Structure formats: C-alpha cells, structure tokens
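Protein chains in written order, with the numbering used here: chain A, 1 to 320; chain V, 1001 to 1320; chain L, 2001 to 2320.
No residue lacks a Cβ here, since even glycine has one placed at the ideal position from N, Cα and C.
Model, not experiment: these values are computed from the prediction.
This report refers to the structure that appears directly beneath it.
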Amino acid sequence: MNRNPQLNAHGELQHLITLEGLSREILQGILDTAEPFAEVAEREVKKVPLLRGKSVFNLFFENSTRTRTTFEIAAKRLSADVINLNINTSSASKGESLLDTVDNLAAMQADMFVVRHASSGAPYLIAQHLAATGREHIHVVNAGDGRHAHPTQGLLDMYTIRHYKKDFTRLTVAVVGDVLHSRVARSQIHALRTLGVPEIRVIAPRTLLPSGVADMGVRVFQDMKEGLKGVDVVMMLRLQNERMQGALLPSPQEYFKYYGLTPDKLRLAKPDAIVMHPGPMNRGIEIDSAVADGSHSVILPQVTFGIAVRMAVMSMLAGS
Amino acid sequence: MNRNPQLNAHGELQHLITLEGLSREILQGILDTAEPFAEVAEREVKKVPLLRGKSVFNLFFENSTRTRTTFEIAAKRLSADVINLNINTSSASKGESLLDTVDNLAAMQADMFVVRHASSGAPYLIAQHLAATGREHIHVVNAGDGRHAHPTQGLLDMYTIRHYKKDFTRLTVAVVGDVLHSRVARSQIHALRTLGVPEIRVIAPRTLLPSGVADMGVRVFQDMKEGLKGVDVVMMLRLQNERMQGALLPSPQEYFKYYGLTPDKLRLAKPDAIVMHPGPMNRGIEIDSAVADGSHSVILPQVTFGIAVRMAVMSMLAGS
Amino acid sequence: MNRNPQLNAHGELQHLITLEGLSREILQGILDTAEPFAEVAEREVKKVPLLRGKSVFNLFFENSTRTRTTFEIAAKRLSADVINLNINTSSASKGESLLDTVDNLAAMQADMFVVRHASSGAPYLIAQHLAATGREHIHVVNAGDGRHAHPTQGLLDMYTIRHYKKDFTRLTVAVVGDVLHSRVARSQIHALRTLGVPEIRVIAPRTLLPSGVADMGVRVFQDMKEGLKGVDVVMMLRLQNERMQGALLPSPQEYFKYYGLTPDKLRLAKPDAIVMHPGPMNRGIEIDSAVADGSHSVILPQVTFGIAVRMAVMSMLAGS
Chain A
1 MNRNPQLNAH GELQHLITLE GLSREILQGI LDTAEPFAEV AEREVKKVPL
51 LRGKSVFNLF FENSTRTRTT FEIAAKRLSA DVINLNINTS SASKGESLLD
101 TVDNLAAMQA DMFVVRHASS GAPYLIAQHL AATGREHIHV VNAGDGRHAH
151 PTQGLLDMYT IRHYKKDFTR LTVAVVGDVL HSRVARSQIH ALRTLGVPEI
201 RVIAPRTLLP SGVADMGVRV FQDMKEGLKG VDVVMMLRLQ NERMQGALLP
251 SPQEYFKYYG LTPDKLRLAK PDAIVMHPGP MNRGIEIDSA VADGSHSVIL
301 PQVTFGIAVR MAVMSMLAGS
Chain V
1001 MNRNPQLNAH GELQHLITLE GLSREILQGI LDTAEPFAEV AEREVKKVPL
1051 LRGKSVFNLF FENSTRTRTT FEIAAKRLSA DVINLNINTS SASKGESLLD
1101 TVDNLAAMQA DMFVVRHASS GAPYLIAQHL AATGREHIHV VNAGDGRHAH
1151 PTQGLLDMYT IRHYKKDFTR LTVAVVGDVL HSRVARSQIH ALRTLGVPEI
1201 RVIAPRTLLP SGVADMGVRV FQDMKEGLKG VDVVMMLRLQ NERMQGALLP
1251 SPQEYFKYYG LTPDKLRLAK PDAIVMHPGP MNRGIEIDSA VADGSHSVIL
1301 PQVTFGIAVR MAVMSMLAGS
Chain L
2001 MNRNPQLNAH GELQHLITLE GLSREILQGI LDTAEPFAEV AEREVKKVPL
2051 LRGKSVFNLF FENSTRTRTT FEIAAKRLSA DVINLNINTS SASKGESLLD
2101 TVDNLAAMQA DMFVVRHASS GAPYLIAQHL AATGREHIHV VNAGDGRHAH
2151 PTQGLLDMYT IRHYKKDFTR LTVAVVGDVL HSRVARSQIH ALRTLGVPEI
2201 RVIAPRTLLP SGVADMGVRV FQDMKEGLKG VDVVMMLRLQ NERMQGALLP
2251 SPQEYFKYYG LTPDKLRLAK PDAIVMHPGP MNRGIEIDSA VADGSHSVIL
2301 PQVTFGIAVR MAVMSMLAGS
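Right, dumping it as structure tokens:
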C-alpha cells in the first residue's frame, strides 16, 4: 500500500506538500484548528507559546515578500525562532546543491522548513531526503512550488468559503483565469473536491487551460458569462505579468474585456456570491476595482484567515 | 474645526506623521516618556514587555539601514514582533499599489506601520486610508518621507537639547546646511518653535534655502561666521551626495570652506555650545573630524537618545 | 608585558578575534562550555535565557548567508535580540566609514558585534576602537576576516575532533587543500598546536602553500597519498571558485585527481579516521561524494557542534 508521504505512521500530518490526497477529515481538522487562531488575532496579545524554542527556517529559493511575511508573522505569533533565508537560485548554482543546503540547516537542529521554490516538486524532494537521512522529524511546509501546489493558499481559501458559506456540499464554485500556470488553482480544485463541492467550474480562455483539465472533475467554460451564472463563490486567479506579454493572450485590455471580473459580470452570480483573489491583484486586468473593493469581496478576510491557517498548520506539525 | 489627523478624539497621539501642529504638551509628553527608556538602555536586561504580542511592520519603500535598525531595536526592546519589509519601489510599481500593500499587511493584524518613503506625504496617505477603511487602530509612524518630515529625528534632537540645556526658552539654536532638501530641518524647526526656543537661525548658501524660509519664524544667515555667533546649539545637516555633483554647489571643498563646521568657526559659538548631526556624517564636507569627535559633539548621545525616543513613541501609540 | 587584546584584566575572554595566542585553558574552557549547549539542541525547547535583553548585531560587510545563519540561530537560542546588517562595502564607501558605523551601533547600546569582513584585521580594528572610546564592554566576535582567521570555525573543528577522538595528544591530523587563501586553515593550525596535537600535516600543491608554512610547526606534503598515511583526522579545505579559474591551478579535474579526497586515498588514513570539511563543499573537486556522505564523514555533526560552540562563545562573552 502506498502511504501518503505527508502522513506519519499514525496517519497524522507530517509535512504539508500538497492538498492532493489529503482526506476530508484532515482538511477539516486543519480548518477547525485554525478557528481559535483567527480569534487569537483579535486579542491584545496575539502570541501563543506553542512553538517556543522551535526553529523555523523560511527557505525561499524564489522571492515572495508577501508569502514570506505571512509565514514569518504566523511563526512569530506561535513564539518560534524564525530565520529568513532568501536563496537566489543563481548564487545557489554557484554554491552548494539544494540538498547540501538542506542537510546543513537540518544539522542546525531545524524544526521546520517553509519552502518556496520555482521548481515543482522541490518541497517533496526535501521531505524525501529528510526521510532518507533519518531526519523525518523536521517538518516541511510547501509555500508554493513551480506550477505544482500552494497548499496553505488552498486551505485559507477553504477556510474563507466555510466561514461565509458554512456548507461545502451545496455550492457552485467558479475558478477563473490562468488555470494553466496556477499552482493556486490546482490546490483549490483538489480541496474543493475533497470537501464535497458538487459543482466546480473552471473559466478560462482555451490557451490558459491545462490539457486534461476536465479529468479533474470540473466543468470548463470559455464564456465567462455562462460560467458565472448562479455561482456561490468566484475565485479569481492572478494573471502573471509575463503571460500578458506572451503569445497566449492578445492584450491585457482584451483579457479584461472577456475575463476581467466587473460588476456587470458579477451580477450573473448569486446575489450573495463572494469574490476571492489570492493577491496581489492586477486591478483592471483580471479584476475591476469596483469588485475588488466592493461588498462581495472577501479578499482581505482571506489574508487574515491565511495567518490563522498557517498558524494551525505549523502548530499541528511542530507544536508540543 | 479641523482636527489634527495625528490625534484621536481624546486629543491623544494616534499616529506620528509630522511634528507640525503638535502641541508643546504632546512634545513634552513624548520627551518625558522617553526618560525612563534611556535608563532601560543602561540595564543588564534592556527589554520591557510593553509591546509583547504586537506586530510592528517596518515598511521601507526607501532603503535606510540605519533608520530601520533604530526602529527595529526599539521595537524589539519593547518585546514586539518585528517584520522588516524592504519594498523597493521599482518592483512595487510592477506589483500592487501602495494601498493594496497596506491593506494586505493590515489584514495580517498589524498593530503599527513604521513607514519610510521617498515621496512626501506617503505616511499621511496611509493613515488616511486606514481611517477611511475603519482600521484607524493601526498606528503609523513616519520614518522619513521625501522632503516633508522625519519626526522621530526631530524629537530625538529635542530630547538631546533638553538633556544638555534643560530650558528651551533661553536658547539660540542654529540649523546649518542643506535646509532646502532636508526633512530633518523642517521637523527640527517646527519642534524648536513649539518648545519655545526664542531664536532659531538658519545658516545656508542661498541655493540651499527654501523660498519663504523666513516665514517659518527663523533668522536667515548666509555667512556662517555671523550665524554662529553666540549660539547654544549647532545642528548640522547632512549634505546629500547627489547635491555635491549638482548645479547648486560649486564643489565639496568650497562647501567645506564656507559651511563646514571647523573648530575655528565653532569658537564663535558659546563656550558650552553643543554640536549635533543626524548622521551619517560626511566628514570633511559639512563637518570637520576635529569637531565631530570633539568635546562639544553630542552626536553619539543623539543616537542613544534616539532609541529611547522611538521606544517612547511606539509605546505611547501601541502600548497596552 | 603585551597583554592579549582579546582578554580582559582578569585574563578572561573579552573578544574572540583569533585563536592565535589563546591558551589551552581558554580553548578547553570554550569547548567545555559548549557541551551542555550541544545537549540543549536535542531538547524540545531549545531556548535558554542567558542573553535575554542583549542586543547582538550581525555586522556582515561580506555576504555569507550560511555563517550569518549559524550566529543568528545561536543568538536567538540564547534569547538575544538579533539585528542583521548586511553592509555591502560598495555602498559603505559611499556612506560612512567602518568606525562611524561601529560608533553608531555602539551608541544604540549594542552588547555584541559579530563581524564578517573581507579585510583581514577589521574585527581587531573594531575591538581596538571600542577600547579607545571607552566601550570595551561591547564584545566582538570575528566571523571571518579576509585571509586572517575564522576562530569559531576553528573551535567547532576542535570540538568535533575532541568529540570523536577524545585525546588531542595522540593524534596525527592533516589539513588538505588551499592553505594559502584559507583563514580556516590558519585558525585550525593554531588551535591544533595549542591543544597539543603532536603531528600536524599540511597537504597542498606548492602554489597553494603560504611561504613560511613550515614555521607554523607543521609537516608539509605535496603528495596527498604520502600525507594521508596513518592520519586520524582529515580536515579538507574548500577550494574557492575563483582559484579554479586562476593561474594557480591547472583545472578542477586535475585538482580532484591529485588533491580530491576519494575513498581510495582515504583508505591510506587510519581505519577509524574522521573526515571534516567547513562547507560549503565542492563535490567532485576537493571531495568525492562517496567520502562526503560516507561513514568516515563528520561534516554534518560539525555544523551541529558549530551552533553549540557559538552559543558557548556568545554566552561566555556576554552572558549574565
């Protein structure tokens, strides 16, 4: 039997690499654990001692100030010692290998690696290597790897949906935009399916759809107006700047016309629909400011819940 | 009635954006609060728990290792969690807007933003935006914005003067150098007036004087020797490197000859005059090493008092 | 009598600049102090409050993420407040001088400077300046200066040897590689002699041997196979990338052939010999992966002991 490499022998979460293959119980367990941390954030003193004396290394092989900040603040509120390492891959190639770097930091008695990497699979490679060298007690959290996964983003999205919609099993959810290049979309779709969302829609131009997307159990729409009809949740994706100059899209203006979320298009969704975005937003490209800042938007609560979810994951993995 | 946007409904300090418009009582209150923090610094354990569990974000849109360090050490000695964000404006322009960045960090339950920005008014814009979005409980401290203000520098200068001279109301103070481009000078002059200094002099070449400087209630001197006669306090300004290559000045050597503070020129001041400089110094340009390191210099005590003043401001704003 | 500038009037360690001139008692005292810290690292909560409220500044004028990380984690586990300053020398030359920077940070009530600098002697210059200005209570730890010394590396190497071999006075130790440019080698050889190692060998091509190396009390070998015969400890040095392109060496392949540590060559050493390397390794150049990851290698334990040794040094200098 092929055990999920993220789970230990007791079926508990050991690493968080991807939401794929995690059971509904585990996902719900993380969301439940996050609830009190969301309340902690409202308190005068936002600190809890769950990771006191633990060493968390933010291992960022790809620059992302925003994501690094969310993990740093989450770890500090858990009272961990946090070390930020921005390892730019050009200098890494001159120096030592990824696994030598990991071995070294592990030898410094790390308790957790939060890993961001441009290559899909890097966090898994690290977890595998730690297991192979008898250091599986060091936990790995994927903070985004290539086009593969961004599980804490997926989890905070699920937390947000549950917070506003309570029951996953009656929802229609649309994921809109650059699904092809999005690790976020992948994590979202896996989680939505696992949590029992009956209708998941993907809305994108043909050039931004991965081949075989229909096999993921989603309904595909190229017409955004069709796709938004009657949805409860609209999950916008960020259009990476490099795509806009590429051959895949005619122009940012054209993209906005057909796939930008405007108040007009949003009116096709349910009246109480919520709008989400992983940030940072390209206003006027994938989303109109009137929507981003409008009454349906839960984009900033997503950020707040993101801290709570990261605190939950970190404390479940390494808490004493 | 136009309420000072830095004060809350009870007239207490809510943000620190500029010294302009702050009352003598508030300025003195900050200086008084700083006194015990100056003593804390002498203790074995320099830490106090006033900001325990609070999240302070150092939001530096303009690089300044020195100023960032003073705020970081002040916040850490207050037991805050500190997150450093160096947001270089070129990459910011590619990404999200200033206010989207602020919204995001605010959603991470920030308690305080320490803001450095090349544009005058950026910290005020942030404070305004926080108020407009119902987040005025997050405090903003201006760590230097464009040519506008650098209020904690102004405050530490006042602390230093009070420490050595006790009574502001009998002093003659000269501010010397590049007043035109100096946010420090602006903050100093506002504070000196508010605290009742009867004679404030500004000494600078015509090209480095802002138009309308006389309206600020100061006496203007282009001849440094005239201006220094009988002063109690000499506040030197830093000559930015870019000015030295510009059209405003003949040459660094020429500048030093006419406006560099030498032991000879200093002899024109009162025998117990103190010499101040906000750092970093250009030795041999605006100040002679013999003066910088001499017995009149209180340049290093300024740095020490700067930590205490920043601890005072931060704890007054966000302390529990 | 010329007192060692690293010691205070009572003969206690005041700074750690170089291992040269430190007595066997002092070296052993540091190693003894490190023992319990090595155990701390195994505990659930790895934090001890010995440096609580102390301000440790990592003053890195030369970039070294790895070394900076070891000092940062060591200081945090001692509960110090740590401030990282990467002062790149090009911008430093535009700004203020080394000693003005030091004066400023000292005025912020620093308790310790951990200094890395490309110029030999910079940490000593800083310690001297602190003494000259009455601030000798601020401790300086050399984290590597030019070609001069890297004393904490030397100490962790001694800790490692003592851990595996117990008694220094019966050992044959070989230092292999680019001795000419290595501050590590210098620190190692001083420590090995002080601790009573009877036979210290240096193995290197003629072009990588410092002139007068034999005066350091070592036996010199240009033939690696000769030099490794019967040794208890093999200390490999890192071959800096810039050397490989230089005129001193024919090619990396050639270097590996003659001076790379392979299982074959290692077989000439004692059967229970240990292999050390300060990292980061150039696999396939100075060391074969089969050796680096093999049963004789204690390269990762070196890293672990390195944290303990740095905690020992920092707490001996600044602990309350």
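DSSP three-state assignment for residue i, whether helix, strand or coil
i       : result
R2135/L : coil
D81/A   : strand
S90/A   : Below a pLDDT of 50, predicted positions are generally treated as unreliable, and S90/A, at 48, falls in that range; the measurement from the model is reported next regardless. In the structure shown, S90/A sits in a helix (DSSP, three-state: H, G or I).
R283/A  : strand
N2058/L : strand
I1126/V : helix
I2030/L : helix
P2250/L : coil
M1108/V : coil
L1208/V : helix
Y140/A  : At residue 140/A the sequence reads Val, which differs from the Tyr that was named. Strand.
T18/A   : coil
A2075/L : helix
L1098/V : helix
D2157/L : helix
A214/A  : helix
D167/A  : coil
R2052/L : coil
R43/A   : coil
G227/A  : helix
P2036/L : helix
One or two residues paired with residue i in a DSSP bridge
i       : result
V2176/L : I2203/L, M2236/L
D2145/L : H2117/L, A2149/L
I274/A  : V233/A
L1013/V : L1007/V
Delimiting residues of the beta strand (DSSP E) encompassing residue i
i       : result
M112/A  : 112 to 117
R1219/V : 1219 to 1221
V2231/L : Note, V2231/L: premise wrong, no beta strand (DSSP E); not H, not E.
Beta-carbon gap between residue i and residue j smaller than 8 Å
i       : j       : result
G144/A  : A191/A  : no
L2204/L : V2231/L : Checking the displayed sequence, the identity of residue 2204/L turns out to be Ala instead of Leu. No, Cβ-Cβ distance for A2204/L and V2231/L is not below 8 Å.
Q109/A  : T2304/L : yes
L2180/L : L2208/L : yes
V298/A  : T160/A  : yes
L78/A   : L50/A   : yes
Y164/A  : I17/A   : no
R52/A   : V2045/L : yes
V1280/V : E2096/L : Before going further, note that residue 1280/V is Pro rather than Val in the sequence given. Yes, these two residues count as a Cβ contact at 8 Å.
A106/A  : I138/A  : yes
T1069/V : V1309/V : no
Residue range of the alpha helix (DSSP H) that includes residue i
i       : result
I2307/L : 2299 to 2318
M244/A  : 241 to 245
H1190/V : 1183 to 1194
V1291/V : 1289 to 1292
K2265/L : 2263 to 2266
Below-8 Å beta-carbon distance, residue i vs any chain B residue
i      : result
S119/A : Of the protein chains in the structure, A, V and L, none is chain B.
Q.
Contact between the segment 1052 to 1060 of chain V and the segment 1098 to 1116 of chain V is defined here as three or more beta-carbon pairs at a separation below 8 Å; is this criterion met?
A. yes
(Q) Closer than 8 Å is the cut-off here; do at least three beta carbon pairs connect the segment 2248 to 2267 of chain L with the segment 2184 to 2201 of chain L? (A) no
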